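Asker: One structure is given below, represented as structure tokens, and several questions about it will come after.
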């Protein structure tokens with residue numbers, strides 16, 4: 002099951018007051034806000050992170066065209082990469098509350 006979900010439209014990564022489109026073969030930093038949830042993970046438990054271009058109908062559709070997602074009728078396949086090199090490191094920060 003999903004513990005929590007969030008969304009960040011890449012075109013609005015610099016603020017919702019302006020669209021800044023991505024260019025192919027460029028690396029961009031995306032920051033997702035803190036998720037408001039809690040869970041207990043016992044020793045040996047694992048978590049999975051999923052990255053997607055769309056989660057319709059949970060969130061408004063994304064046809065990956067750069068156009069108006071409400072008027073477009075044809076979609077484009079998106080290629081998502083999570084970089085993990087020394088130059089372009091990725092990370093997930095999970096706060097930990099120690100038990101009693």
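Residue numbers (the numbering used here): 2 to 101. Just so you know, even glycine gets a beta-carbon here, dropped at the ideal spot from N, CA and C. These numbers were taken from a predicted model, which means no experiment stands behind them.
#1: Which of the three DSSP states, helix, strand or coil, is assigned to residue 13?
#2: Compute the minimum distance between the beta carbon of residue 67 and the heavy atoms of the ligand ADP, and state whether it is under 7 Å.
#3: Residue 30: which of 58, 19, 63 and 91 sits nearest, CA to CA?
#4: How many angstroms separate the CA atom of residue 56 from the CA atom of residue 7?
#5: Rounded to whole angstroms, how far is the Cβ of residue 77 from the Cβ of residue 66, which I believe are closer than 8 Å?
#6: If we call anything under 8 Å between Cβ atoms a contact, is residue 24 one with residue 12?
#7: Return yes when the Cβ of residue 81 is within less than 8 Å of the Cβ of residue 52, no when it is not.
#8: Rank 98, 9, 33 and 22 by C-alpha distance to the C-alpha of residue 61 and give the top, closest one.
Answerer: Put simply:
#1: helix
#2: Absence of the ligand ADP is noted for the structure shown, with no ligands found whatsoever.
#3: 91
#4: 10 Å
#5: 5 Å
#6: no
#7: yes
#8: 9
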